[in-house]
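Enquirer: Residue numbers (this note's numbering), protein chains in the order written: chain A, 70 to 282; chain C, 3 to 219.
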C-alpha cells in the first residue's frame, strides 16, 4: 500500500538543517526509511545545505592537519560491509534506539489495554511507542505544540482519514484529533510530542464502538 | 518551539513516472562520461575524487578533497558556534568519515558538497548538541552500484543551478535560509524559509531512488 500521509516541508527542512529535537528526528528518520518520496524531499533540502557549505567561506586548517587526519583514518578499523535490511516491523533507526525489533520492546500498561514504551532521547521532546488494541483510541498524552504519530503496524482512523504502515499524522493541540485503532489487530505507532516527558499518567479514553463514530 | 506554522505547507504533487529511464540511462552512459569530463574542465571533478578514495584508497585524491572541503567544513562549524579547537577537530573527523563512508556516496542523489554537508551537520549535532542523530536506513545496500556519469552530471548541474537561484533570492529570504542551516533559527521561522525551487532536484533524486530499488529488488 502506498503511503498517503507525509511529513511537511518545514519538518524536512528542519531535519536537513539539523534543527529538530532528537525525538522528532527519530520519527522523521523512521518515516523516511519507509517513504522514498520524503527521502527525496529530505535530500533536496540537504542540497541546500551543500550550497550553504560551498558558500560559507574557508577557515585555515591548522599545520599538519592532513597528516593528522590520515593518522586518524589509519587508526580506525574499516567499516563493516553493509547488510540488507533485516525483515521486521522496525526500520533501522528505530531498531537502533530500541535495541531490536518489536519483540525487544519493554512495554508498560497504561490502562485499557493500551501499552507504551518511552524511548530515551534528549529532553527537548519525547518519543514513545504505543500499542493500541483494535477499536481503542490513542490515549491523550497531553501534548503541546506539534505531535507526530507514525504507524508501524495495523492502522488507525482519525477524522475520516486512514493511517496505515508508513503514514504519519502531523497534528497540533488545536487539532483536537482522536486517532482510533481499527478493529482487529493492535496498532503500533511511534509518537513524538514537544516538551520534556510529563509524568502524569496517560488517560486512555474508551472509544466509541468503531462503526458508530 | 515547533509551532503550527510547520503545518502550513503541503506535500508536493505526485511525481511523473520515469518511463524508459533504464534504456535512456544505458544510452546516455558513454555520452555522459564525456560531458562530465567536459563540464569539469573549469574545476576539479570531486565525484571522481571520492570514487578514487572509495575504489583505490587514493591518498592523492583524498588530499585534494581535504584541501577543498576541510576549510569549508571548519568555517561552517565556526559559524554554527564551535570554538577554534572544536571546529578543527570536527573538520578532521568529517574528512576521516568521508574516507570511511565513501562506499555510501551516491553521485546520482547528491553532489559531493551536499554529502560532505550531511556529514558535517551530523558531526555538529554530535559535538555541539551532544545528542544522537537518527539516520534513515542506509541506501544502497548490497553490491556497490556503478554510478551513472550522466546522473552524476545532472545532479552536479542542478546543485549549481540551485546555488545560483539562492544567490538571486531577496536578501531577507536568503538570510533566513542561511540562518536555518547555521542553526540560529527557530523552527517556526524555518517554515518561512521553505518554498525554495527544489522541484527538479527532488524529481531527479526520486528517479535515482527508483532505479536503485529496481537494482536491489
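Just so you know, even glycine gets a beta-carbon here, dropped at the ideal spot from N, CA and C.
Grab the span of the beta strand (DSSP E) containing residue 81(C) for me, first residue to last.
Expert: Taken as a continuous stretch (DSSP letters only), residue 81(C) belongs to no beta strand (DSSP E), being part of the alpha helix (DSSP H) at 61-81.
Enquirer: Using DSSP with H/G/I as helix, E/B as strand and the rest coil, what is residue 207(A)?
Expert: coil
Enquirer: Can you check whether the CB of residue 110(C) is closer than 9 angstroms to the CB of residue 47(C)?
Expert: no
Enquirer: Quick one: residues in its chain with C-beta nearer than 6 angstroms to the C-beta of residue 248(A), no 5 flanking neighbours on either side, listed in chain order?
Expert: Taken in chain order, the residues that qualify are 207, 225 and 227.
Enquirer: Hey, which unbroken runs of the alpha helix (DSSP H) at 4 residues or more fall wholly within the region 107-167 of chain A?
Expert: 134-143 and 161-167
Enquirer: DSSP state of residue 202(C), grouped into three classes?
Expert: Note: residue 202(C) maps to helix in three-state DSSP.
Enquirer: Please classify residue 192(C): does DSSP put it in a helix, a strand, or coil?
Expert: Helix at residue 192(C).
Enquirer: On the criterion of 16 or more Cβ atoms from any shown chain inside 10 Å, does residue 86(C) qualify as buried, or is it exposed?
Expert: exposed
Enquirer: Would you give the residue range spanned by the alpha helix (DSSP H) that residue 92(C) belongs to?
Expert: 86-102
Enquirer: Quick check on the DSSP output: the alpha helix (DSSP H) that includes residue 80(A) runs from which residue to which?
Expert: In the DSSP assignment, residue 80(A) falls within the alpha helix (DSSP H) that extends over 78-85.
Enquirer: Just the C-alpha distance for residue 74(C) and residue 127(A), rounded to the nearest angstrom, thanks.
Expert: 5 angstroms
Enquirer: Within the same chain, show all residues whose beta-carbon is closer than 7 angstroms to that of residue 207(C), passing over the 5 residues directly before and after it, in chain order.
Expert: 111
Enquirer: Is the beta carbon of residue 152(A) within less than 8 angstroms of some heavy atom of the ligand SAH?
Expert: The ligand SAH is not part of this structure, which contains no ligands at all.
Enquirer: If you drop the 5 nearest sequence neighbours on each side, which residues of the same chain put their C-beta closer than 7 angstroms to that of residue 104(C)?
Expert: 52, 55 and 56
Enquirer: Between residue 164(A) and residue 170(A), what straight-line distance do the alpha-carbon atoms span, to the nearest angstrom?
Expert: 6 angstroms
Enquirer: Would you report the Cα separation of residue 90(C) and residue 78(C), rounded to the nearest angstrom?
Expert: The straight-line gap from Cα to Cα measures roughly 11 angstroms.
Enquirer: For a cutoff of 9 angstroms on Cβ pairs, would you count residue 51(C) as touching chain A?
Expert: Judged by the 9 angstroms Cβ criterion, residue 51(C) is not in contact with chain A.
Enquirer: On the CB-based measure, 16 or more other CB atoms within 10 Å of its CB, does residue 217(C) come out buried or exposed?
Expert: exposed
Enquirer: Anything in chain C within Cβ reach of residue 108(A), meaning under 7 angstroms, just list it in chain order.
Expert: 138 and 211
Enquirer: Run through DSSP, which three-state label would residue 121(C) get?
Expert: helix
Enquirer: Select from 86(A), 112(A) and 139(A) the residue whose C-alpha is nearest the C-alpha of residue 108(C).
Expert: 112(A)
Enquirer: Taking the DSSP output, what are the residues bridged to residue 231(A)?
Expert: 226(A)
Enquirer: Using a Cβ cut-off of 7 angstroms, which residues of the region 145-170 of chain C contact any Cβ in chain A, in chain order?
Expert: 161, 164, 165 and 168
Enquirer: So which residues on chain A does residue 55(C) lean against when the C-beta distance must stay under 7 angstroms?
Expert: Think of a sphere of 7 angstroms around the beta carbon of residue 55(C): no beta carbon from chain A falls inside it, the nearest being about 10 angstroms out.
Enquirer: Which same chain residues end up closer than 8 angstroms to residue 65(C) when comparing Cβ atoms and leaving out the 5 residues on each side of it in sequence?
Expert: Sequence-distant Cβ neighbours of residue 65(C) in its own chain, meaning closer than 8 angstroms and more than five residues away, do not exist here.
Enquirer: Tell me, to the nearest whole angstrom, how far the beta carbon of residue 76(C) is from that of residue 98(C); I am working on the premise that it is less than 8 angstroms.
Expert: The C-beta separation of residue 76(C) from residue 98(C) comes to about 14 angstroms, leaving the pair out of contact by the 8 angstroms criterion.
Enquirer: Does the CB of residue 62(C) have a neighbour CB from chain A at under 9 angstroms?
Expert: no
Enquirer: Taking 8 angstroms as the limit between beta carbons, can you name the residues of its chain near residue 41(C), skipping five residues before and five after?
Expert: Confidence at residue 41(C) is low in this model, with a pLDDT of 49, below 50, so the placement of that residue should be treated as unreliable; the coordinate-derived value is given next. Same-chain partners within the cutoff: 155, 158 and 159.
Enquirer: Which residues, in order along the region 74-102 of chain C, keep a beta-carbon less than 8 angstroms from a beta-carbon of chain A?
Expert: Correct list: 74, 75, 76, 77, 78, 80, 81, 89, 90, 93, 94, 95, 97, 98, 101 and 102.
Enquirer: So, helix, strand or coil for residue 197(A), using DSSP?
Expert: strand
Enquirer: Using the beta-carbon count (16 or more within 10 Å), is residue 204(C) buried or exposed?
Expert: buried
Enquirer: Could you tell me the alpha carbon to alpha carbon distance between residue 70(C) and residue 122(A), rounded to whole angstroms?
Expert: 11 angstroms
Enquirer: Closer than 8 angstroms, Cβ to Cβ, to anything on chain C: give me those residues from the region 125-154 of chain A, in chain order.
Expert: Look at the region 125-154 of chain A: the residues with a C-beta under 8 angstroms from a C-beta of chain C are 125, 126, 127, 128, 129, 130, 131, 134, 135, 137, 138, 139, 141, 142, 145, 147, 148, 151, 152, 153 and 154.
Enquirer: Listed in chain order, which residues of the region 170-195 of chain C have Cβ atoms closer than 8 angstroms to some Cβ of chain A?
Expert: 179, 180, 182, 183, 184, 185, 187, 189, 192, 193 and 195
Enquirer: Within 10 angstroms of the Cβ of residue 142(A), are there 16 or more other Cβ atoms? Answer buried if so, exposed if not.
Expert: Under this definition residue 142(A) is a buried residue.
Enquirer: Rounded to a whole number of angstroms, what is the C-alpha to C-alpha distance between residue 58(C) and residue 67(C)?
Expert: C-alpha of residue 58(C) to C-alpha of residue 67(C): approximately 15 angstroms in a straight line.
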